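2 protein chains.
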Amino acid sequence: MLGHMAGRPRSFDRDTALAVAVEQFWRHGYDETSIASLTAAMGVTPPSLYAAFGDKHRLFEEASALYFARTCEGVDRAMALPGARDAVARMLDDTARAHAAPGTPPGCMLLTEPRLAAQRDAVQATIVERLDRGVRDGDLPPGTDTTALARFLVAVMRGMSGHARDGGTLDELLGIAASALAALPSPAPSAQHPSA
Amino acid sequence: MLGHMAGRPRSFDRDTALAVAVEQFWRHGYDETSIASLTAAMGVTPPSLYAAFGDKHRLFEEASALYFARTCEGVDRAMALPGARDAVARMLDDTARAHAAPGTPPGCMLLTEPRLAAQRDAVQATIVERLDRGVRDGDLPPGTDTTALARFLVAVMRGMSGHARDGGTLDELLGIAASALAALPSPAPSAQHPSA
DNA sequence: CTCATTCTGTAGCGATCACTATTGATTGAC
DNA sequence: GTCAATCAATAGTGATCGCTACAGAATGAG
Chain A
1 MLGHMAGRPR SFDRDTALAV AVEQFWRHGY DETSIASLTA AMGVTPPSLY
51 AAFGDKHRLF EEASALYFAR TCEGVDRAMA LPGARDAVAR MLDDTARAHA
101 APGTPPGCML LTEPRLAAQR DAVQATIVER LDRGVRDGDL PPGTDTTALA
151 RFLVAVMRGM SGHARDGGTL DELLGIAASA LAALPSPAPS AQHPSA
Chain B
1 MLGHMAGRPR SFDRDTALAV AVEQFWRHGY DETSIASLTA AMGVTPPSLY
51 AAFGDKHRLF EEASALYFAR TCEGVDRAMA LPGARDAVAR MLDDTARAHA
101 APGTPPGCML LTEPRLAAQR DAVQATIVER LDRGVRDGDL PPGTDTTALA
151 RFLVAVMRGM SGHARDGGTL DELLGIAASA LAALPSPAPS AQHPSA
């Protein structure tokens, strides 16, 4: 029942074509990416695209899910650092470098595309969890509004994405990241560990 | 030579129609605003629109210039406050309230529209001037990278605009503004005035 | 009044949008 | 081989894009 495969095999690699679609949506956004430009960039004719990916919306969902998964990997890696400040600093630094990386579109698809608010919320939730741990560890002052702080960090990264799209350089993005880091509240000035 | 005006007078108020165009471009962006939606919202037929405003691009330029002028008024008013910190705090507070104001589209047209990078640079330059004055006044530490700091503030406001478009509340925007204010460097801890 | 001028609305221009009917090519099953 | 199944390419669907030709309506100048 399962192995009744037959017929002409597809002439293109689906994952490669999807990666091209990610790059298109990333660079131009959902609305400004047309089926014609997608098929041209992917090297696939419209009927093949529709057979392989459904319609434009489903292709975008698949592409954005792939982009989201990669983004979460990076965020999780940064958040795994032992100190809360170091984790945030790493996340901001990685963000700056990713937004200005040559060979990829400037900015961040997740932070730019209006349709991906749910994914932005998910990233924010991840940051909140890490900040909460930072409060428990004494890296951040008790009573810190971690939700507000995470929202601020997402806003800064979104601003970094926009600045990258405006042609901002890596140095400028790193400067924004450094300024944002200064907004993190410090724990009690004379105690580095919560043992006191 | 000059007063040879004749012919049928236009049936709509040009400034009112332009205000409607501002609202449309503000809410939906340049690309997502069609001539059809503009004419419907403005209560004007396409030929009248083209006769009064040229083409879509020139209408957008006129609308964005009007929006830009109003924005600059607000920024200038905040920047005129005596203390640099107060000036920045006012700007961030005004921004939060403007981005969440009921009756107007969420977010900021200047900070959202990719085509308006030059206007964003102009706002940043205004902030740099104010921060430079803050350094001279002793409100900010000597040697402060005012350009980097202004760039950070613009990035935060852009993030606030995006968050407002995602449905963020005024309280959330004010929280982002408060966090950003904490990133401002403080002058020498024991001197409030540069006379010492 | 007449007449030139300017605006108005209808109607439609070519181009592009997302999407697909159709035909022919290429495969494995038998 | 024969056949069913699957994909590829051409071509074109109706809808919408920005924009405009055209003809009629409304004005001031003479």
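Residue numbers (the UniProt record's numbering), protein chains in the order written: chain A, 1 to 196; chain B, 1 to 196.
The beta-carbon is built from N, C-alpha and C at its ideal position, and this holds for glycine as well.
What you are looking at is a predicted structure, and each value in this text was computed from that prediction instead of being measured.
Using 10 angstroms around the beta-carbon of Thr33(A), count the other beta-carbons present and answer buried if the total reaches 16, otherwise exposed. Walking along the first sequence from the start, residue 33(A) turns up at place 33. Buried: at least 16 other Cβ atoms inside 10 Å.
Pairing CB atoms from the segment 90-97 of chain B with CB atoms from the segment 143-159 of chain B, are three or more of them under 8 Å? With a cut-off of 8 Å, the segment 143-159 of chain B and the segment 90-97 of chain B count as touching, because enough Cβ pairs lie within range.
Please compile the residues from chain B whose C-beta is within a distance smaller than 7 Å of the C-beta of Ser179(A). As a first step, residue 179(A) must be located in the first sequence, where it is residue number 179. The answer, in chain order, is Ala148, Leu149, Phe152, Ala183.
Just the Cα atoms here: how many angstroms apart are Ala36(A) and Pro47(A)? Sequence index remark: in the first sequence, residue 36(A) carries index 36 (1-based). Sequence index remark: in the first sequence, residue 47(A) carries index 47 (1-based). Approximately 11 Å between the Cα atoms of the pair.
For Val135(B), which residues from the same chain have a beta carbon less than 7 Å from its beta carbon, with the 5 sequence-adjacent residues on both sides left out? By one-based count along the second sequence, residue 135(B) stands at place 135. The beta carbon of Val135(B) is closer than 7 Å to those of Pro142, Thr144, Thr146 in its chain, skipping five residues each way along the sequence.
For a test of the three-state rule: what should DSSP assign to Thr33(A), helix, strand or coil? Start at 1 with the first residue of the first sequence, and residue 33(A) comes out as number 33. Shown here, Thr33(A) sits in coil according to DSSP, grouped into three states, outside any helix or strand.
Just to confirm my understanding: we take Val20(A), look at its own chain, exclude 5 residues before and 5 after, and list those with CB closer than 7 Å. What are they? As a working mapping, residue 20(A) is identified with position 20 in the first sequence. Excluding positions up to five away in sequence, the list reads Ala41, Met42.
Contact defined as beta carbons within less than 8 Å: I believe residue 197(A) pairs with Ala117(A). What is the distance between those atoms, to the nearest angstrom? With chain A covering 1 to 196 only, the question about residue 197(A) has no answer from this structure.
So for Cys72(A), helix, strand or coil by DSSP? Walking along the first sequence from the start, residue 72(A) turns up at place 72. Correct three-state label for Cys72(A): helix.
Bounding residues of the alpha helix (DSSP H) (the contiguous stretch that carries Thr147(A)): Walking along the first sequence from the start, residue 147(A) turns up at place 147. DSSP places Thr147(A) in the uninterrupted alpha helix (DSSP H) bounded by 146-165.
Can you tell me which of Leu18(A), Met160(A), Thr45(A) puts its alpha carbon nearest to the alpha carbon of Leu111(B)? As a working note, residue 111(B) is residue 111 in the second sequence. Check the Cα spacing between Leu111(B) and each of Leu18(A), Met160(A), Thr45(A): the tightest is with Met160(A).
Return the Cβ separation of Ala183(B) and Ala183(A) in integer angstroms, given the expectation that the two are a contact with Cβ distance under 8 Å. Numbered from 1 along the second sequence, position 183 holds the residue referred to as residue 183(B). Numbered from 1 along the first sequence, position 183 holds the residue referred to as residue 183(A). With 8 Å as the limit, Ala183(B) and Ala183(A) qualify as a contact, their Cβ atoms being about 4 Å apart.
Contact with chain B by Pro105(A), beta-carbon distance below 8 Å: Numbered from its first residue, the first sequence carries residue 105(A) at position 105. For Pro105(A), the answer is no, since every Cβ of chain B falls outside 8 Å of its Cβ.
Which residue comes first and which comes last in the alpha helix (DSSP H) that contains Thr95(A)? Along the first sequence, one-based indexing puts residue 95(A) at 95. It spans 84-99 - the alpha helix (DSSP H) in which Thr95(A) sits, taken as one unbroken run.
Put Phe12(B) into one of helix, strand or coil per three-state DSSP. Stepping through the second sequence from its first residue, residue 12(B) is reached at position 12. Under the three-state reduction of DSSP, Phe12(B) is assigned to coil, being neither helix nor strand.
Take Glu113(A) and list the residues in its own chain whose beta-carbon comes closer than 8 Å to its own, dropping the five residues that flank it on each side. Along the first sequence, one-based indexing puts residue 113(A) at 113. Same-chain partners within the cutoff: Phe25, Gly29, Tyr30, Ser64.
Beta carbons nearer than 9 Å to chain A: which residues of the segment 73-95 of chain B have them? The segment 73-95 of chain B vs chain A, Cβ under 9 Å: nothing.
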